[in-house]
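Colleague: Dropping the structure in here first, questions after.
There are 6 protein chains.
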Amino acid sequence: MPQFDVMTFGETMLRLSPPSHGRIENTDTLDCRTGGSESNTAVALARLGRRVTWWSRLPNNSLGRKVSGQLNRWGVDTSKVIWSDEGRLGLYFVEFGSPPRPTIVTYDRTNSAVSYLKPDDVDWAILSDAAHLHVTGITCALSPNCAETVLHAVKEAKSRGLSVSFDVNYRSKLWSAKRCRDTISRMMPYVDLLFCPMGDADNVFGIKDSPGLVARRLQGQLRVDTVVVTGSSDHVAAVQGRDLLRSDIVRCREVDRVGAGDAGDAGIIHGFLDGDLQKGLKYGSAMAALKQTIPGDELIVSKAEIEAVVNGGSSGIQR
Amino acid sequence: MPQFDVMTFGETMLRLSPPSHGRIENTDTLDCRTGGSESNTAVALARLGRRVTWWSRLPNNSLGRKVSGQLNRWGVDTSKVIWSDEGRLGLYFVEFGSPPRPTIVTYDRTNSAVSYLKPDDVDWAILSDAAHLHVTGITCALSPNCAETVLHAVKEAKSRGLSVSFDVNYRSKLWSAKRCRDTISRMMPYVDLLFCPMGDADNVFGIKDSPGLVARRLQGQLRVDTVVVTGSSDHVAAVQGRDLLRSDIVRCREVDRVGAGDAGDAGIIHGFLDGDLQKGLKYGSAMAALKQTIPGDELIVSKAEIEAVVNGGSSGIQR
Amino acid sequence: MPQFDVMTFGETMLRLSPPSHGRIENTDTLDCRTGGSESNTAVALARLGRRVTWWSRLPNNSLGRKVSGQLNRWGVDTSKVIWSDEGRLGLYFVEFGSPPRPTIVTYDRTNSAVSYLKPDDVDWAILSDAAHLHVTGITCALSPNCAETVLHAVKEAKSRGLSVSFDVNYRSKLWSAKRCRDTISRMMPYVDLLFCPMGDADNVFGIKDSPGLVARRLQGQLRVDTVVVTGSSDHVAAVQGRDLLRSDIVRCREVDRVGAGDAGDAGIIHGFLDGDLQKGLKYGSAMAALKQTIPGDELIVSKAEIEAVVNGGSSGIQR
Amino acid sequence: MPQFDVMTFGETMLRLSPPSHGRIENTDTLDCRTGGSESNTAVALARLGRRVTWWSRLPNNSLGRKVSGQLNRWGVDTSKVIWSDEGRLGLYFVEFGSPPRPTIVTYDRTNSAVSYLKPDDVDWAILSDAAHLHVTGITCALSPNCAETVLHAVKEAKSRGLSVSFDVNYRSKLWSAKRCRDTISRMMPYVDLLFCPMGDADNVFGIKDSPGLVARRLQGQLRVDTVVVTGSSDHVAAVQGRDLLRSDIVRCREVDRVGAGDAGDAGIIHGFLDGDLQKGLKYGSAMAALKQTIPGDELIVSKAEIEAVVNGGSSGIQR
Amino acid sequence: MPQFDVMTFGETMLRLSPPSHGRIENTDTLDCRTGGSESNTAVALARLGRRVTWWSRLPNNSLGRKVSGQLNRWGVDTSKVIWSDEGRLGLYFVEFGSPPRPTIVTYDRTNSAVSYLKPDDVDWAILSDAAHLHVTGITCALSPNCAETVLHAVKEAKSRGLSVSFDVNYRSKLWSAKRCRDTISRMMPYVDLLFCPMGDADNVFGIKDSPGLVARRLQGQLRVDTVVVTGSSDHVAAVQGRDLLRSDIVRCREVDRVGAGDAGDAGIIHGFLDGDLQKGLKYGSAMAALKQTIPGDELIVSKAEIEAVVNGGSSGIQR
Amino acid sequence: MPQFDVMTFGETMLRLSPPSHGRIENTDTLDCRTGGSESNTAVALARLGRRVTWWSRLPNNSLGRKVSGQLNRWGVDTSKVIWSDEGRLGLYFVEFGSPPRPTIVTYDRTNSAVSYLKPDDVDWAILSDAAHLHVTGITCALSPNCAETVLHAVKEAKSRGLSVSFDVNYRSKLWSAKRCRDTISRMMPYVDLLFCPMGDADNVFGIKDSPGLVARRLQGQLRVDTVVVTGSSDHVAAVQGRDLLRSDIVRCREVDRVGAGDAGDAGIIHGFLDGDLQKGLKYGSAMAALKQTIPGDELIVSKAEIEAVVNGGSSGIQR
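Protein chains in written order, with my numbering: chain S, 419 to 737; chain F, 419 to 737; chain P, 419 to 737; chain H, 419 to 737; chain X, 419 to 737; chain G, 419 to 737.
Now the structure itself:
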């Protein structure tokens, strides 16, 4: 049995946000956390008891150590991180909105250490330490080198017998829809489980329909066995081979929505790895809802707390 | 006329909570307040202008002094506190949730100074300084000694002519429903006014019905003249002798729900002492709602602010 | 072309508020910002790209400098401020409520430097530097001298060819409705654009009706060409000559409602100055809603953010 | 035996200070505490176990209640406070310096409720509830009415058999040295124990000498039996009748020096009341030093902590 | 080669401290960190690049997870922790003093999960995963069971070929000097490297002399090959066999002295493991000084920062 | 008379620092201010009443607006800023040390908007709006384009009759000493007033001597009329033509030393512009000391506070 259930890699940034719905212009302090789509998913999987390793290329300074240390803190292995003297740590600013004011993410991630990552920088034998690989479209958007590295990773994973999941995670501030579509399409032959938010299906693939039909059409177009369509305000839908599954969204009162999709992916991967995608959808919905109640990108809950929501537990006071 | 309108005793703890919906695992600071069911009720009564004394057994250190000083600050006398070198100050942690995540209370109150309290430690003559005694089931749950002390207290109070109120306040993390029921039943002959939340009626006494019928059944079963059933999301109901009274819940936007029941008890006791239980129910509903809008266990409002809500005042901006 | 599109004057105070819905009685820290109706409007106009100057009489100390510096920070000129060794800086405390608890403003502004301001203290030639003058009833309420100064200002403005706007902004904690009505009535011959909140129309002028009819009746009674009636929970209405206009309220999730009306005024003045009052109403509704999502009196947003709301943009996450 | 060992009255203000050596101009939060010379001394005496009551005229609002509640919290009775609808609560701002930047107090206390206090507002029978009265020159500086009230108080105290202490506490931002000298001189016939800081002896009485000689000269000039001269960086000196006493200053590392003199006064009064002025000087030196290590005006320590310093205990870590 | 260079075990607590030199009585927030002598040493060793594992018996709740996660964050393995449903997490409060006010540690660690630890609870084979074992007297003080467990550990370690270090770390608030001496003496036959602070030598063993002579006398009395005497304000001294070594204390400006001794131990163990005790003393002095400049028990620095101090680098600004 | 006394340009960054001597690795919040050598000097000059304008190339987003707004707040004009969609806002992190731990600046300023600035981007006619130009070596270090722009600026300034000052401000983390020397040497023919810290004289020009002799040697080598040598712990020295001047360092208790040199430059420029360099040295010493007592890069004091230190005022408490 490999050492880790899941390996993932990508960019994890310092996340800086004005407290209490403030603006960058009128704050004197910033809450300082860490976040990145893949490590968010890694943390959520670790909370479920999965053995998870995340890696990236990190600058060899206090900022890089902060990212690595935080992930260790939440239960994720970082022993495979590539430490570098080149490049900086990516940052992102979040200003939390309130309707009608949107929540605004301002990326400051150009020239990050990981953006220079090339396939040759990686000792691909590390893939053999894991049973499953999870990657996302965001990493592909960072640089052509990064896109090549992701492609290399999914090929290597496939050839070493790992299952592979991929989240489209289109970020319009990082690249164009066309480049996203072209790049991702090359990965699909090696992917077993594809996540695609409703909005990305529309923006990147021009598919606008009910979640189930979006999943079916993506399955046909991209030839991936299992496709999960998230991001609907009503339910999450999946196709797996000929099966069609769905699970209702779990309602929540939002505290911090960033990372909800990543937490949801973790729940779905958890079920997928157990060969029970329906369970995955239920866990994913519960975890995406729970994430939105917690400040920070990461799902800092116990497995028992997740299962209480999966089982429809009360949100009253427990004492 | 005795020096105090109301005397109460019980355990008041340091309350530690991560700010801004954070988790214990991911916070570096804790808000530090004080709280305990009986002292919460004492503070709320003091806010109404009632002369109130609260006592307990407190450790003779800065933590004990903090509790006593805070209660003085909110208007409650603590001159009857028993200072002790034995035992610690109980603590409790609260992680504020947001649906579907519950608010979680983690007690850390074993071996508290008050848990060692025995009837003989108390100079029961102090009861003569008050017109009314209020106690709750929580104190009974702390230790067998404590349960004996509460029993002793209600007997002594009765014999000295005080009226007595008692809130079931069942805490499943502290004791079993059976022990709660058995213990409380012994107190009932000395109680004039019983508070029982809907959930406790079900869990402890196996009674599940509308608030009014729950009150009537508890009245019959426990032979207490006045029974108030709280904790419904619709209305509070009471029986007093043959009368049945009710008052609508006052809707609120929740900031911190801890202590809402205790504040409600205070309003009801206030009316009860004036011989006007209907008024008590109205005050109780207003005060329970107001409490939920204020951070901390205690109801830090003025009497005028309470009466504005009782009279249906606007919640707009006042300037 | 004059140097400034808009000039305004009035009292700007230090604003002190307990964080996180706390009370003055139970807080150990106060958030410390600045705010005043006229400068709030000035800031919002500056955010739209308008060139704006605000002045007042400020104490020549660190508190006065703080007010001036903050307004500079948000884009408002303060070169015309009259610095004084007489009087103090006005303060106000805000305790943010949550239904049923109202938000409470406690003024502490007696004997402020500006309350001693007399018409002779001002070099009225400064009015020639602006195309429009905006004032409010609050300044009139500060002292008889201040009321005279406002009257002098609107007369001077009119005679120098500026257009003039006036917001009734009745504050019952500062003066009586009768004094407000008598004082304001004297200003009206010099006013082109009158703002009147629904509640003020009722309290000050005894007019209670739909927003449109209130506007029409005020127009007739006060003989002002353009009257905008704000403060309805449904829509804002305006009459301009014979025209009747309206714009729906923009719904929001409230973070801090103080200053919403002032931000709305700015949007309306913006349209008014462009000769397009209908646009003004739309901007005003958007800006009043946006203000409520931002901590502090002032509307710290970009013009693009305002226009996104005017155009019905999404309040989701932008990344 | 009277109910209280010591009664004192004066003005207690809200104290607002930027955290971490910040300036008013560049802070967004203010630490919010309470402080006033007489109540500072009252708190320090309560910490020594003395029964103390403080009174003033407080505005009947949340700010006034905050002051009263804080003093209750620290162990001082406030049952004799006169609640008023006239006047405001005085404030003061402190910007903590660091050499060469001085610590700057900016008073904002004009028109405070207590500044309107007249002798007739007080039921002087309350003096009979105490054995000793302590007042200071600051209260005399607030208004001519206040000066009359202090004069009335010391006369009444004398006639009712209380001992009386008085601290010159000259504040050049409140009044002139001449007015201070003239006013204080009228009080001296009724004073048993006079505190005079070195600087005040120079500024108010034109006496510049060693502490002991300053004390002797003040004794001769003002005809007070016991004079304590504080504020030297070396030692505190006292004359009592023909005796001359002194005690070395206790060295400290300063955290917040405000209130050090008031804490010192408390120690000296404590010894004076026990008929042991030498002990008072030792306690005073220890308490003045301790106060400077604690944020806030008030000496929040236990009696045991004071005695450890009196006895020369270590300032290392205790565990 | 074993997996870990150093294994250690003991109790790590939640550490709660009022910010900015405040007192427990007058603070509304507590800084919330973690700390314990053995884990502090573990963190400091990890910072030097040593592979370190720490274990204890932790309660299976969010508080226990917080401790484990924090240590992971700083680079310490916790895979050998024994998770338990019995007992609580120990806490300690620190009030940071300033001369003449001492820093006060208030322990609240009775009935902690680890205090129930017995030798049989441990799978002693884990010792084979490490080359060195470090323990301290504090753990022995927690309970007789704990003392037995420590004794068992050093015996097992010795028999498995590990080197063993032991820090007396006498805590007078936890046990008597006599019990400490008796207990520790039983451990000494299995100890290679003994740390003894000057004060402990005096209090526990009645030895008061220069650091070098204290070390020599302890060596003779306890028959330990290597003895290091810390806690002098001038230098640290060691005897190793017949050698006598010393290293000057590195001067520092104190921010938070808690954990300085533990960090110093780490430096000394580091040298000891390299067979270069003199280097260890230099590293220990540097690390003890550095620790005092960092808030929290743990030495959060890089190895390069430690070596800069060892090499006498400047403490100016680096940019 | 030109509109501004002084123009300056350079890079101003967001400054992020852990509060209370924390480390980046162990903080959850960052204090968020702004700072840059040239704008720091600009703010300090504005505090002296000088009319100052600062410009740069700023990104057209909330971070850029924050920088501009902050400078407006402190009294500096930013109307000449070039707003850009290219490049990011530079950041820098500061971890405040305490001996022996150094204060560490971590720059994160690559690819900033200003680093792309070329001479052709600037409308050099703006120089005619000022009487004096101040620049520093840091801007030259940002990029070759920037170095060209600075060279262009000093030439243009000279040709338009402005006086020019230049601070070497060598930053070893940005470029090599050789590149610094070569670049700066080309600027010197256009410079009237050169600032050179002692360390830079050594590192960049290989001159190590007393401040006065360093100044004389630099004057000879670089052929600048007036050279001021700062950064000695004893005194600042200057040569002006044949004159040699000096002024003692003003001692301070450090709170935040960043920006001290920039504040000192402002004082010296102030005197230089008045034709009184000796006065400049005195002001510079006072201002450099004062800056170190204030959190943040900028000298937020009043002119009166500066003059009090120049005149040797007390650093006691002022009330």
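Glycine included, every Cβ here is placed at the ideal spot set by N, Cα and C.
The model shown is predicted, which means the values in this text are computed figures rather than measured ones.
Between the C-alpha atoms of X:Ile625 and X:Val646, what's the straight-line distance to the nearest angstrom?
Modeller: Within the fifth sequence, residue 625 of chain X is the residue found at index 207, counting from 1. Within the fifth sequence, residue 646 of chain X is the residue found at index 228, counting from 1. Whole-angstrom Cα-Cα distance: 14 Å.
Colleague: Rounded to whole angstroms, what is the Cα-Cα separation between S:Val676 and S:Leu434?
Modeller: Against the first sequence, residue 676 of chain S aligns to sequence position 258. Against the first sequence, residue 434 of chain S aligns to sequence position 16. Rounded to the nearest angstrom, the two C-alpha atoms are 12 Å apart.
Colleague: Give the interface partners of P:Trp492 over in chain G, defined as CB-CB distance under 8 Å, in chain order.
Modeller: For the purposes of this step, residue 492 of chain P is taken as residue 74 along the third sequence, with counting starting at 1. Result: Gly487.
Colleague: To the nearest angstrom, report how far apart F:Asn478 and F:Ser502 are at their CA atoms.
Modeller: Here residue 478 of chain F refers to the residue found at position 60 when the second sequence is read from its first residue. Here residue 502 of chain F refers to the residue found at position 84 when the second sequence is read from its first residue. Those two C-alpha atoms are separated by around 5 Å.
Colleague: Taking only beta carbons into account, state which residues of the stretch 429-447 of chain H come closer than 7 Å to chain G, listed in chain order.
Modeller: Result list: Ser438, His439, Gly440, Arg441, Glu443, Asn444.
Colleague: Using DSSP bridges, identify the partner residues of G:Pro517.
Modeller: As a first step, residue 517 of chain G must be located in the sixth sequence, where it is residue number 99. None; G:Pro517 has no bridge partner.
Colleague: Helix, strand or coil for F:Ile686? Go by DSSP, reduced to three states.
Modeller: As a first step, residue 686 of chain F is located in the second sequence; it is residue number 268 there, counting from the start. Correct three-state label for F:Ile686: helix.
Colleague: For G:Pro517, go through chain X and note every residue whose CB falls closer than 8 Å to its CB, in chain order.
Modeller: Residue mapping note: residue 517 of chain G aligns to position 99 of the sixth sequence, counting from 1. Here the neighbours are Arg669, Cys670, Arg671, Thr711, Ser733.
Colleague: Please state whether DSSP places F:Ile522 in a helix, a strand or coil.
Modeller: Taking the first residue of the second sequence as position 1, residue 522 of chain F is located at position 104. Reduced to three states, the DSSP call for F:Ile522 is strand.
Colleague: Between which residues of its own chain and S:Gly454 is the CB-CB distance below 7 Å, once the five residues before and five after are set aside?
Modeller: For the purposes of this step, residue 454 of chain S is identified with residue 36 of the first sequence, where counting begins at 1. Around S:Gly454: Gly428, Glu429, Thr430, Met431.
Colleague: Could you tell me the boundaries of the alpha helix (DSSP H) in which P:His439 lies?
Modeller: Counting from one through the third sequence, the residue named residue 439 of chain P turns up at place 21. No alpha helix (DSSP H) holds P:His439; DSSP gives it neither H nor E.
Colleague: Between P:Gln736 and chain S, is there a C-beta pair that is closer than 8 Å?
Modeller: The residue labelled residue 736 of chain P in the question sits at position 318 within the third sequence. Taking Cβ atoms only, chain S reaches closer than 8 Å to P:Gln736, which makes this a yes.
Colleague: In three-state DSSP terms, what is X:Arg468?
Modeller: As a position in the fifth sequence, residue 468 of chain X is number 50, starting the count at 1. Reduced to three states, the DSSP call for X:Arg468 is coil.
Colleague: Comparing alpha-carbon positions, which option in S:Phe511, S:Leu612, S:Glu504, S:Asp547 lies nearest S:Gly579?
Modeller: By 1-based counting over the first sequence, the position of residue 579 of chain S is 161. When only C-alpha atoms are compared, the closest one is S:Asp547.
Colleague: Helix, strand or coil for X:Cys450, going by three-state DSSP, please let me know.
Modeller: Translated into positions along the fifth sequence, residue 450 of chain X becomes position 32. DSSP places X:Cys450 in strand when its eight states are reduced to three.
Colleague: Starting from X:Val727, find everything on chain G with Cβ-Cβ shorter than 7 Å and list it in chain order.
Modeller: Start at 1 with the first residue of the fifth sequence, and residue 727 of chain X comes out as number 309. Near X:Val727 (Cβ distances below 7 Å), the residues of chain G are Pro518.
Colleague: Would you mind telling me which residues of chain G sit closer than 7 Å to S:Cys450, beta carbon to beta carbon, in chain order?
Modeller: Position 32 of the first sequence holds residue 450 of chain S. Thr445, Asp446, Thr447, Leu448, listed in chain order.
Colleague: Whose C-beta lies closer than 7 Å to the C-beta of P:His552 among residues of the same chain, with five residues either side of it excluded?
Modeller: For the purposes of this step, residue 552 of chain P is taken as residue 134 along the third sequence, with counting starting at 1. Closer than 7 Å at the Cβ level, and outside the excluded window around P:His552, lie Val424, Thr426, Glu456, Thr459, Ser583, Ile687.
Colleague: Quick one: grab the DSSP three-state call for F:Ile735.
Modeller: By one-based count along the second sequence, residue 735 of chain F stands at place 317. If DSSP states are grouped into helix, strand and coil, F:Ile735 belongs with the strands.
Colleague: If we ignore side chains and look at the alpha-carbon of each, how far apart do F:Asp692 and H:Arg519 end up?
Modeller: Position 274 of the second sequence holds residue 692 of chain F. Position 101 of the fourth sequence holds residue 519 of chain H. If you take the alpha carbons of F:Asp692 and H:Arg519, they lie about 60 Å apart.
Colleague: Got a sec: is the Cβ-Cβ distance from G:Thr459 to anything in chain X below 8 Å?
Modeller: To locate residue 459 of chain G, count along the sixth sequence from 1; it is residue 41. Taking Cβ atoms only, chain X never reaches closer than 8 Å to G:Thr459, which makes this a no.
Colleague: Can you have a look at H:Glu504 and say buried or exposed, based on whether 16 or more other CB atoms are within 10 angstroms of its CB?
Modeller: Taking the fourth sequence and counting its residues from 1, one reaches residue 504 of chain H at position 86. Exposed.
Colleague: Can you pull the chain P neighbours of S:Val523, defined as C-beta to C-beta under 9 Å?
Modeller: Within the first sequence, residue 523 of chain S is the residue found at index 105, counting from 1. By Cβ distance, chain P contributes Ile735, Gln736, Arg737.
Colleague: Going by beta carbon distance, what residues of the same chain come within less than 7 Å of P:Pro713, once the five residues before and after it are set aside?
Modeller: Working through the third sequence from its first residue, we reach residue 713 of chain P at position 295. Cβ within range, chain order: Val673, Asp674.
Colleague: Between the Cα of P:Leu611 and the Cα atoms of P:Thr471, P:Trp593, P:Thr648, which residue gives the shortest distance?
Modeller: Sequence index remark: in the third sequence, residue 611 of chain P carries index 193 (1-based). For P:Leu611, the nearest C-alpha among the options comes from P:Thr648.
Colleague: Exposed or buried, what is F:Glu725 when buried is set at 16 or more other beta-carbons lying within 10 Å of its beta-carbon?
Modeller: Numbered from 1 along the second sequence, position 307 holds the residue referred to as residue 725 of chain F. With fewer than 16 other Cβ atoms within 10 Å, it is exposed.
Colleague: When you compare the CB positions of G:Thr471 and G:Ser497, do they come within less than 8 Å of one another, or not?
Modeller: Residue mapping note: residue 471 of chain G aligns to position 53 of the sixth sequence, counting from 1. Residue mapping note: residue 497 of chain G aligns to position 79 of the sixth sequence, counting from 1. Their beta carbons are under 8 Å apart, which means G:Thr471 touches G:Ser497 by this criterion.
Colleague: Could you tell me whether any Cβ in chain F is nearer than 8 Å to the Cβ of X:Ser480?
Modeller: Walking along the fifth sequence from the start, residue 480 of chain X turns up at place 62. Closer than 8 Å to some Cβ of chain F, the Cβ of X:Ser480 qualifies, so yes.
Colleague: What's the gap between the Cα of P:Thr524 and the Cα of P:Val532?
Modeller: Indexing the third sequence from 1 puts residue 524 of chain P at position 106. Indexing the third sequence from 1 puts residue 532 of chain P at position 114. P:Thr524 and P:Val532: Cα-Cα distance of roughly 18 Å.
Colleague: Hey, quick one: how far does the alpha helix (DSSP H) through F:Val553 stretch, first residue to last?
Modeller: Taking the first residue of the second sequence as 1, we reach residue 553 of chain F at position 135. Note, F:Val553: premise wrong, no alpha helix (DSSP H); beta strand (DSSP E) at 548-554.
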